[in-house]
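Just below is one structure, and these are the notes that go with it.
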Amino acid sequence: MITLENINRSFGDKQVLHDLSFDIADGRMTGFVGSNGSGKTTTMRILLGVLAADSGRITVDGTAITPAHRSAIGYMPEERGLYPKMPIIDQLVYLARFHGLSRQTAKKRGLELLEELDLKGEPTDTLESVNLGNQQKVQIAAALIHDPEALVLDEPFSGLDPTAVERTLAVLTSFAASGAPVLFSSHQLDLVERLVDDVVIINDGRLIAAGTTDELRRERSSPEWTLQTDADMGWVREVPDITVIEFDGNWVRFAAPDSTTAEAVLRKALDVSSVSSFAPHIVPLNRLFQEVTQS
Amino acid sequence: MSTETLTRTDSAANRAGFTTAIGLVIEREIMVRLKSKAFMISTILSIVILGALVGVSGALPSLFSSTDKVAVTSAGAEAVKGIEDIEPVVVDDVDEAKALVSSEKVDAAVVDSEDSPTGVAILSLRSAPESLIGSLSLTPEVELLDPDAPDPALTYFIGLGLGLVFFMAAMTFGNTIASSVVEEKQSRIVEILLASTSARVLMFGKVIACTILAFAQIGLTAVAVLAGAAVSGNDLVLGKVAEPIAWFVPLFIIGFVMVAALYAAAASMVSRTEDLPSTSTPIMMLIFLPYMAVIIFSSNETVMGVLSYIPFSAAVAVPMRVFLGTIAWWEPLVSLLILAATTLLALLVATRIFERSILQSGPKLSWGQALRRR
């Protein structure tokens, strides 16, 4: 587990991170969410050692992070980049050797990765000669080339077509499933919601919320239910402790303090008409995000 | 796609050490240039052309010389005997010689003359051949007090040559290192690199690689020039400039490291190649102005003395003064020390700027901003 504790960082007189603390658990996908300029990239750079923190500490399984730890992280920066005019396999080997791999090992692993990622084109082609989708595969290969023990990816899905998104997803989930911690930032909250086990939300460099998506829902808003019946549901507004959020004749979405209160609504509905559906409503992360960043 | 095999294994990779990492950067920088057709073609062309020029220059005098046909009378024939480049055409008398000269069948005529102290006179249509006049004239005895004294024209050309070598290398490879830095910054690969190594490693690796390339290119050119000189038997190139060149080499290497480091720093301050001139022009002027000064003031000993202590002109001014023999034995050493100290300072400043600016994207920084940044 990687733990960030009270990380502070300023650029000039502008403080961009304020006492930021959160965990990246082993074998879990942690989504890192925040508006533009909220400090996500800075946090990731500090985690990788590309930037230094002004104060605070980072630990790996309880001990302070070392360069060897950092070297075992696979990193994909937000603005992707490799050498456009260098052969694909050569740059993978070059990057791997900074992590202490021998040329032979690096080349073997690079070729395997490109094969698995289904690169269309020769490994000896220059990067600029293959299309964007394939360049993206090479970028993923670059993050995995040194057989990392953790992954940190800054906006791995931005600018990808649906096929590429699925491909990247498959790589990330299989990687996390092997027991490694994975942290990635994304603006695509629907994706984050589908994908992540844990969410870390920051705003203006401050931690707003951290935990599993379920925990966040429980903490941040009262649970909601939807109810669909044959008859008009106007009477729901009169039930004590119930807040109607959305109403459309025979359909209603309401918030209730607990499930007993919600079930009372269901019982009453059954008395007046037949019920075609009754279900807890999952608040989309999108709305949760709006709530927590605006509150 | 099978994703099972993408899982990690137990072989945790170790971060490459400082020197190993620098070695990797040097290797890549050199291999990229060696694989670049443009670089190889321009290098090979310049080497071949320079070598050939020096080789041909030895043969030039014979290409331009020509044999003059000269009509001679009996006394004339005696006078021109032993003069090179002359083909005597024996005639009976002065009139016949005049006729041949008038019809331009011969270039000149040497005929009997009782008025002339030499006993002969030269006839020619418009102008008499210089070599002929010289050979037939009485010349006062000339005593050369210092036959080895440097020829001012030669000094000028040595200054021009060494200056050109330094200036071209600094400009070419300065721009090479700058574009290599901007490429990594612009493509953002620098962020991946910085996650596995330090900014210092990147900068030192590039500076060392460019110095090696520049020196190899100049070394090969020097070999070609010397080979050309050997072919043409031009002992001037071989003999007199050995000592100046012995000083030029260390001054060049150290001075080049300084220039390369400054170029790397200049490049780290911009995000796009288009912005590069605005930060690299000051460095170019630092190289260009002293270079011009060395050429303009090549015969002014005071100015040359000062220039040999200025780090940016030392590599050219010191060898020139060594050639002229106007330099005390300790002066090149002091100049070398000053240059080394300046280079060390430049490396420190450049590393500082590089480390602080390399992740900066967006508008370019000024030198002042880059130094103040934290």
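Residue numbers (my numbering), protein chains in the order written: chain D, 1344 to 1638; chain B, 742 to 1115. For glycine and all other residues, C-beta sits at the position ideal for the given N, C-alpha and C.
On the three-state DSSP scale, how would you describe A1507(D)? Within the first sequence, residue 1507(D) is the residue found at index 164, counting from 1. Residue state, collapsed to three classes: helix.
Against A1598(D), what residues of chain B qualify as contacts under a CB-to-CB distance less than 9 Å, listed in chain order? For the purposes of this step, residue 1598(D) is identified with residue 255 of the first sequence, where counting begins at 1. In chain order: nothing, as chain B lies at least about 40 Å away.
Would you please verify whether the beta carbon of V1393(D) is less than 8 Å from any beta carbon of chain B? Mapped onto the first sequence, residue 1393(D) falls at position 50. Yes, V1393(D) lies at the interface with chain B (some Cβ there is under 8 Å from its Cβ).
For G792(B), which of E770(B), V966(B), L786(B) has the nearest alpha-carbon? To locate residue 792(B), count along the second sequence from 1; it is residue 51. Ranking the options by Cα distance to G792(B), first place goes to V966(B).
Pull up the distance between the alpha-carbon of D1362(D) and that of I1350(D), whole angstroms please. The residue you call residue 1362(D) lines up with position 19 of the first sequence. The residue you call residue 1350(D) lines up with position 7 of the first sequence. The straight-line gap from Cα to Cα measures roughly 5 Å.
Test: R1371(D) CB closer than 8 Å to a CB of chain B: One-based indexing of the first sequence puts residue 1371(D) at position 28. Not closer than 8 Å to any Cβ of chain B, the Cβ of R1371(D) fails to qualify, so no.
Determine, using beta carbons only, whether T938(B) comes closer than 8 Å to chain D. Taking the second sequence and counting its residues from 1, one reaches residue 938(B) at position 197. At least one chain D Cβ lies under 8 Å of T938(B).
Write down every uninterrupted run of the beta strand (DSSP E) in the stretch 1485-1541 of chain D whose length is 3 residues or greater and which is fully enclosed by it, in chain order. 1493-1497, 1525-1528
Determine which residues share a DSSP beta bridge with K1357(D) and list them. Position 14 of the first sequence, counting from 1, holds the residue named residue 1357(D). DSSP output for K1357(D) lists F1354(D) as bridge partner(s).
Using C-beta distances below 8 Å, list every residue in its chain close to G758(B), excluding the 5 sequence neighbours before and after it, in chain order. Reading the second sequence from its first residue, position 17 is the one you call residue 758(B). If we look at G758(B) and ignore the five residues flanking it on each side, it has no Cβ neighbours.
Got a sec? Which residues, its chain only, sit under 7 Å from P829(B) by beta carbon, not counting five neighbours each side? For the purposes of this step, residue 829(B) is identified with residue 88 of the second sequence, where counting begins at 1. So the list reads V811, V813, A818, V821, once near-sequence residues are dropped.
For H1412(D), the first and last residue of its enclosing alpha helix (DSSP H): For the purposes of this step, residue 1412(D) is taken as residue 69 along the first sequence, with counting starting at 1. Element bounds for H1412(D): 1410-1414.
Please report how far the alpha carbon of I899(B) lies from the alpha carbon of R1413(D), in whole angstroms. Numbered from its first residue, the second sequence carries residue 899(B) at position 158. Numbered from its first residue, the first sequence carries residue 1413(D) at position 70. Each residue's alpha carbon lies about 54 Å from the other.
Does the beta-carbon distance from A1523(D) to G1370(D) come in below 8 Å? In the first sequence, residue 1523(D) corresponds to position 180, counting from 1. In the first sequence, residue 1370(D) corresponds to position 27, counting from 1. The answer is yes: Cβ separation under 8 Å.
Members of the stretch 1024-1052 of chain B near chain D, C-beta cut-off 7 Å: none
Starting from N1394(D), trace the beta strand (DSSP E) in both directions and tell me its first and last residue. Against the first sequence, residue 1394(D) aligns to sequence position 51. The identity of residue 1394(D) in the sequence shown is Leu, whereas the question assumes Asn. Where L1394(D) is concerned, there is no enclosing beta strand (DSSP E), given that its DSSP letter is neither H nor E.
When the Cα of M781(B) is compared with those of L961(B), I874(B), D836(B), which residue comes out closest? The count along the second sequence starts at 1 and reaches residue 781(B) at position 40. The option with the nearest alpha carbon to M781(B) is L961(B).
Chain B contact for L1496(D) (CB, 8 Å cutoff): As a first step, residue 1496(D) must be located in the first sequence, where it is residue number 153. Cβ-Cβ to chain B under 8 Å: no for L1496(D).
Residues of chain D with a CB under 9 Å from the CB of S1054(B): which are they? Position 313 of the second sequence holds residue 1054(B). What S1054(B) touches in chain D: nothing, since even the nearest Cβ is about 36 Å away.
Tell me, please, which residues DSSP counts as bridged to D1176(B). One cannot answer for residue 1176(B) here, as it falls past the ends of chain B, which runs 742 to 1115.
What is the DSSP secondary structure of N776(B), counted as helix, strand or coil? Translated into positions along the second sequence, residue 776(B) becomes position 35. One detail in the question is off: residue 776(B) reads as Lys in this sequence, not Asn. The answer is helix: DSSP assigns K776(B) an H, G or I state.
For a quick check, are the C-beta atoms of F1122(B) and I1028(B) less than 8 Å apart? With chain B covering 742 to 1115 only, the question about residue 1122(B) has no answer from this structure.
Quick check on DSSP: helix, strand or coil for Q1571(D)? Taking the first residue of the first sequence as position 1, residue 1571(D) is located at position 228. DSSP places Q1571(D) in strand when its eight states are reduced to three.
List, in chain order, every chain D residue whose beta-carbon is nearer than 7 Å to that of A1008(B). What you label residue 1008(B) is simply residue 267 of the second sequence in a count that begins at 1. The contacting residues do not exist; A1008(B) stays about 16 Å from chain D at best.
Cα-Cα separation, L1475(D) to T1469(D): Numbered from its first residue, the first sequence carries residue 1475(D) at position 132. Numbered from its first residue, the first sequence carries residue 1469(D) at position 126. For L1475(D) and T1469(D), the distance between alpha carbons rounds to 13 Å.
With C-beta atoms as the reference, is I1620(D) less than 8 Å away from A1599(D)? The sequence position of residue 1620(D) within the first sequence is 277, counting from 1. The sequence position of residue 1599(D) within the first sequence is 256, counting from 1. Just to set this straight, residue 1620(D) is Ser in the shown sequence, not Ile. Taking 8 Å as the Cβ cut-off, S1620(D) and A1599(D) do not qualify as a contacting pair.
Near V1063(B), what residues of its chain come up, given a Cβ to Cβ distance below 6 Å and the 5 sequence neighbours on each side ignored? Mapped onto the second sequence, residue 1063(B) falls at position 322. For V1063(B), where only same-chain residues beyond five positions count, the Cβ hits under 6 Å are E984, P985, W988.
Ordered along the chain, which non-local residues of its own chain (more than five positions away) have a Cβ less than 6 Å from that of S854(B)? Sequence index remark: in the second sequence, residue 854(B) carries index 113 (1-based). Here the set comprises V861, A862.
Under 8 Å between C-beta atoms, does R1352(D) make it to chain B? Counted from its first residue, the first sequence places residue 1352(D) at position 9. It does not; no Cβ of chain B falls within 8 Å.
Measure the alpha-carbon distance for V835(B) versus S815(B) and round it to whole angstroms. Indexing the second sequence from 1 puts residue 835(B) at position 94. Indexing the second sequence from 1 puts residue 815(B) at position 74. Their backbone Cα atoms lie some 10 Å apart in a straight line.
Counting only Cβ pairs nearer than 7 Å, list the residues of chain D close to S928(B). Looking up residue 928(B) in the second sequence gives position 187. Residues of chain D passing the Cβ test: G1424, L1425, Y1426, P1427.
So what does DSSP say about A1407(D), is it helix, strand or coil? Taking the first residue of the first sequence as position 1, residue 1407(D) is located at position 64. In the structure shown, A1407(D) sits in a strand (DSSP, three-state: E or B).
Short Cβ contact (8 Å threshold) for T938(B) with F1441(D): In the second sequence, counting from the first residue as 1, residue 938(B) sits at position 197. In the first sequence, counting from the first residue as 1, residue 1441(D) sits at position 98. Taking 8 Å as the Cβ cut-off, T938(B) and F1441(D) qualify as a contacting pair.
In chain D, what lies closer than 7 Å to L935(B) by C-beta? Within the second sequence, the letter at position 194 stands for residue 935(B). By Cβ distance, chain D contributes V1393.
How would you call Q1633(D), buried or exposed, if buried means at least 16 neighbouring beta carbons within 10 angstroms? Stepping through the first sequence from its first residue, residue 1633(D) is reached at position 290. Result: exposed.
Around the C-beta of R1446(D), are 16 or more other C-beta atoms found within 10 angstroms, so that it is buried, or is it exposed? Working through the first sequence from its first residue, we reach residue 1446(D) at position 103. Per the 10 Å Cβ criterion, exposed.
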